[in-house]
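Residue 473 is where the sequence shown ends in numbering that gives the first Met the number 0, and the numbering goes up by one at each step. Even glycine gets a Cβ: it sits at the ideal position worked out from N, Cα and C. Some notes on the structure that comes next.
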Amino acid sequence: MINRFIQCITVLAALVLMILNPLETEAADRLQDIGDKLVIVIDPGHGGNNRGTLENNHEEKFMTMTTARAMYDELTKYDGVEVYLTRTEDVSMTLEERAEFAVGVDADFMFSIHYNASENHELFGSEVWVSSVSPYNGYGMQFGYEFLTEAKEMGLLVRGVKTRLGDKGDYYGIIRESVERGLPALIIEHCHVDNERDTGYCDSDSDLKNFGIADATAVARYFGLSSSELGVDYSGHSLTEASATSLNSLTKNDDTEPDFCEIAPETGDDGRPVIRDGVLAVNVTAADYDSLLMYYSYSLNGGATFSAREIWPGCDALTGAYRDTFQLELEIPAGVKPEIIFRAYNPYDLYTDSNLLTVPEMAVEEPENGSLSSREHQDGTIPAAGGTVLSPSGETVPEETKERPGTTTFRPAVSEQAEEEQEVSFLSFLKLCLVFVLLLFIVFFISQYLSYRKRRNRRRQRRKELGDSRNQPR
Ligand SMILES: [Zn+2]
0 MINRFIQCIT
10 VLAALVLMIL
20 NPLETEAADR
30 LQDIGDKLVI
40 VIDPGHGGNN
50 RGTLENNHEE
60 KFMTMTTARA
70 MYDELTKYDG
80 VEVYLTRTED
90 VSMTLEERAE
100 FAVGVDADFM
110 FSIHYNASEN
120 HELFGSEVWV
130 SSVSPYNGYG
140 MQFGYEFLTE
150 AKEMGLLVRG
160 VKTRLGDKGD
170 YYGIIRESVE
180 RGLPALIIEH
190 CHVDNERDTG
200 YCDSDSDLKN
210 FGIADATAVA
220 RYFGLSSSEL
230 GVDYSGHSLT
240 EASATSLNSL
250 TKNDDTEPDF
260 CEIAPETGDD
270 GRPVIRDGVL
280 AVNVTAADYD
290 SLLMYYSYSL
300 NGGATFSARE
310 IWPGCDALTG
320 AYRDTFQLEL
330 EIPAGVKPEI
340 IFRAYNPYDL
350 YTDSNLLTVP
360 EMAVEEPENG
370 SLSSREHQDG
380 TIPAAGGTVL
390 SPSGETVPEE
400 TKERPGTTTF
410 RPAVSEQAEE
420 EQEVSFLSFL
430 KLCLVFVLLL
440 FIVFFISQYL
450 SYRKRRNRRR
460 QRRKELGDSR
470 NQPR
């Protein structure tokens, strides 16, 4: 009886483990094979006459050197890795020379270190540029995911793992020259030195060194390295799923504007838009079917000027997710008759403008206490007209209040991610069912065992009684 019980439990446990296993292995192995020894080349971007970005009192060629040296120092703490720098001095080097150098030392990967700036100083965030050629695209995707996950944890906006094409194939020379020589290479654009959202990450030497450590850690995770000096072991670390044979859709360059962007005001009981306490709630619906939406800005004066860019709600360049519907509360200055245009940007900084929204009759409710910025009634309750969702200043509020009935999170391009998540939740459901069944079985077997014992005891008792009566003298 006990043996049968143990057998059944073992079988059930094995079944549960079999079902649970895919959950732990949803991430993938590294696509790239390496030989007996690992050789990494770090390329501090620019140098000499090529000074790189010169914004905000920064000089990129020096920033990249500080980060690259820190990356070198950190990476050499790992076991079984040989590390080189393409340059250690402030010298000019062509992209071909850098690729040749890396090939010359038999490198497995070259990481080119850069800092970014944008023409109108509007952009912020981190991105990784990779080759569009397979399998290098897949290698870049897997590494990029590792680095950008760290950037995200640091608080930076993740702009994604990206590709860009030019006349000769990959647009960026360092990637093209390397891949033509059979060497995987990519560019890490750590952050934007000319946007105040990012300057806190790159305006001191220790900031630049922090990035170097993050880069080295991403390399260690990618290659599954361990370091007795640092006391870390990434040998069991699994990577994101990627294809080695075709362009990974999340890295695909989107050269078309977002598909649509529409706005409509939240209306009162009479069907007219309401500006309450100086705030107009606007419902936004937008989509980019090729990639995702990353930033938004808005104009209150019919497009003459736009606000600074804000992060698109729910935007995640690592999964391709973003919200296709949300409500935005716009603060309308007193006496202004707003002519609102909303602008939706994709990760490649192409944008689409919404319809023009005017509020014809100023359906303004008088503020109860005269305070324009107050979003709350005097009794402390949130106004009924939609609640505080996401203010133009980007302050976030609990997720559940953002959700409006009937809205969905739009996941374009890569639906695999969504499917995977669905699969995972289905597996979680199965897992629950199995645990429940297992519990039922345990209860059943225990009750069976107990009743067996009871019966056996009763039988013994009866036998004993019989024996006793036999032994009794007649
Ligand atoms: Zn650069």
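request  = Assign LEU355 to buried or exposed, taking buried as 16 or more other Cβ atoms, counted over all protein chains shown, within 10 Å of its Cβ.
outcome  = exposed
query = Candidates ARG86, GLU96 and LEU185: which alpha carbon is nearest TRP128's?
reply = LEU185
request  = Examine chain C for any beta-carbon lying closer than 8 Å to the beta-carbon of LYS151, and answer yes or no.
outcome  = In the structure shown, chain C cannot be found, because there is only a single protein chain.
request  = Alpha carbon to alpha carbon, how far is THR216 from LEU229? Give it in angstroms, no decimals.
outcome  = 11 Å
inquiry  = Excluding the 5 residues flanking ALA343 on each side, which residues of the same chain have their C-beta closer than 7 Å to its C-beta?
reply    = PRO257, CYS260, ALA285, LEU292, TYR295, TYR350 and THR351
ask   = In whole angstroms, what separates the C-alpha of VAL40 from that of THR93?
value = 15 Å
inquiry  = Cutting at 7 Å between CB atoms, please list the residues of its own chain near PHE142, excluding the five before and the five after it.
reply    = LEU185, ALA217 and TYR221
query = Could you give the uninterrupted runs of the beta strand (DSSP E) lying entirely in the stretch 34–76, keeping only those of 3 residues or more?
reply = 37–43
query = What residues in its chain sit with their C-beta under 8 Å from that of ASP78, if we drop five residues either side in the sequence?
reply = LEU224, SER225, SER226 and SER227
ask   = Between the beta-carbon of ASP289 and the beta-carbon of LEU122, is there less than 8 Å?
value = no
key: Between the CA atoms of MET109 and MET64 - distance to the nearest angstrom   = 15 Å
query = Can you tell me whether LYS36 is buried or exposed, with buried defined as 16 or more other CB within 10 angstroms of its CB?
reply = exposed
Cα-Cα separation between ASN48 and PRO332, rounded to whole angstroms = 49 Å
request  = Check whether the Cβ atoms of GLU59 and GLU126 lie closer than 8 Å to each other.
outcome  = no
message = Please report the distance separating the alpha-carbon of ILE212 from that of GLU88.
response = 20 Å
query = With DSSP run on the structure shown, which of helix, strand or coil describes GLY235?
reply = coil
ask   = Can you name the start and end residues of the alpha helix (DSSP H) that MET293 belongs to?
value = No alpha helix (DSSP H) holds MET293; DSSP gives it neither H nor E.
ask   = Between THR85 and ALA101, is the Cβ-Cβ spacing less than 8 Å?
value = yes
Identity of the residues DSSP links to GLN478 by a beta bridge = A question about residue 478 goes unanswered here, because the residues of the chain that appear run from 0 up to 473.
key: 7 Å CB neighbourhood of HIS45 in its chain, flanking five on each side removed   = GLY51, GLU59, LYS60 and THR63
key: Residue environment, LYS161, which counts as buried when at least 16 other CB atoms sit within 10 Å   = buried
query = Out of curiosity, what's the CA-to-CA distance linking ALA241 and CYS190?
reply = 25 Å
inquiry  = Judging by CA-CA distance, which residue of GLU99, ILE441 and SER203 is the nearest neighbour of LEU182?
reply    = GLU99
Of the listed residues GLY199, LEU147 and ASN209, nearest to ASP72 (C-alpha basis) = ASN209
request  = Thinking SER245 and SER133 are a contact (beta carbons under 8 Å), I'd like their distance in whole angstroms, please.
outcome  = 6 Å
request  = Identify, in the order they occur along the chain, each residue of the same chain with its Cβ nearer than 8 Å to the Cβ of ASP254, setting aside the five sequence neighbours on each side.
outcome  = TYR347 and LEU349
task = May I ask you to report which of helix, strand or coil DSSP gives MET109?
result = strand
Three-state secondary structure (DSSP) of ASP352 = strand
key: Assumed close pair ILE262, VAL281 - CB separation to whole angstroms, cut-off 8 Å   = 5 Å
message = From the DSSP secondary-structure annotation, give me the bridge partner or partners of TRP128.
response = LYS161 and ILE186
query = What is the rounded straight-line gap between the Cα of GLU399 and the Cα of GLY334?
reply = Interpretation of GLU399 is limited by its pLDDT of 33, a score under 50 that renders its predicted location unreliable; the figure taken from the coordinates is listed afterwards. When rounded, the distance between both Cα atoms is 33 Å.
ask   = Tell me which same chain residues have a C-beta within less than 8 Å of the C-beta of ILE33, skipping the five on either side of it?
value = ASP107 and PHE222
query = CB of HIS191 to nearest heavy atom of ligand 1: below 7 Å?
reply = no
message = The beta strand (DSSP E) that contains LEU476, what's its start and end?
response = The first residue shown for the chain is 0 and the last is 473, placing residue 476 beyond what the model contains.
Which of helix, strand or coil DSSP assigns to ALA383 = The pLDDT assigned to ALA383 is 28, lower than 50, so where the model puts this residue is not dependable, and the model offers no usable value.
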